[in-house]
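Here's the structure we're looking at; comments come further down.
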Amino acid sequence: MKNAFILTMLAGSLLLAGCATETVFRPASTVSAAAQDSPFTVSGRISINMDGKGSVGQFDWTHQPQADLLSVNSPLGSTVAQLRRDAAGVTLLADGKSWQAANVEDLTHDVLGWTLPLGNLVWWIRGLPAPDAPYQFASDGSLDQQGWTIRFVSDADAPGLYPKRVEMQRDKLTLRLLPQNWH
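The following block contains the structure:
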């Protein structure tokens, strides 16, 4: 199913490479201190692996508390899918087609067969648990929240404000984000 492949790129598959020593990312703030949703723009690489089948790409994401624009691009940079969220709902544009739903979770479930947790991803990409849902940190530093296990990775030699890599796993689905350019 061509649409499923393109839409799978929305969640993306991330090629991970690097020589630096990695460690568990520990945020400087806690959820209570960071409970205010703040705008950001980030781009990077994205990957998905479901049942042993993977896809890779790049992403550009502009987030505002009331709106999101997420573009998924091929490894060469051409846009293959675009997700827009605003007060009217969510629209997905891919392969010359358009899908709409009330929220990202319903849209991705209906079109892909699994749920992209964009509401939580707003927090997870910054190395924080989502403040509106129960969570637990495991002894290895990973976060368990809403059925997902999230691992935040940082460079031991050059820790930053945000994780170097976010790995999310649920059932037979693994998503990886490598945020590279924050604004």
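The sequence shown runs -22 to -1, 1 to 161 under mature numbering (1 follows the signal peptide of the UniProt record, and there is no 0).
Note that the Cβ used here is the ideal one computed from N, Cα and C, for glycine as well.
- In this structure, DSSP gives histidine 87 a helical state, which the three-state scheme calls helix.
- Taking a C-beta distance under 9 Å as the contact criterion, aspartate 29 and lysine 150 qualify as a contact pair.
- Here glycine 119 carries a coil assignment [DSSP, helix/strand/coil].
- Within the DSSP secondary-structure output, arginine 129 pairs in a beta bridge with Glu145.
- Between the alpha carbons of histidine 87 and glutamine 42 lies a gap of roughly 23 Å.
- For leucine 153, the enclosing beta strand (DSSP E) covers residues 151 to 160.
- With fewer than 16 other Cβ atoms inside 10 Å of its own Cβ, threonine 19 counts as exposed.
- In this structure, DSSP gives tryptophan 102 a helical state, which the three-state scheme calls helix.
- Rounded to the nearest whole angstrom, the CA to CA distance from proline 112 to proline 95 is 15 Å.
- Bridge pairing for glycine 55: absent [DSSP].
- According to the DSSP assignment, asparagine 27 belongs to the beta strand (DSSP E) that extends over 18 to 28.
- Taking the C-beta atoms as reference points, leucine 85 is found nearer than 9 Å to alanine 79.
- In the structure shown, leucine 96 adopts helical secondary structure according to DSSP, grouped into three states.
- Cβ contact annotation for alanine 116 (same chain, cutoff 7 Å, sequence separation greater than five): Asp122, in chain order.
- In this structure, valine 82 and valine 68 form a Cβ contact; the two beta carbons are roughly 5 Å apart against a cut-off of 8 Å.
- Annotated as distal: serine 21 and glycine 35, with beta-carbon spacing of 9 Å or more.
- In terms of Cβ geometry, phenylalanine 130 and tryptophan 102 form a close pair [threshold 9 Å].
- Here aspartate 46 is buried: its Cβ has 16 or more other Cβ atoms, across all protein chains shown, within 10 Å.
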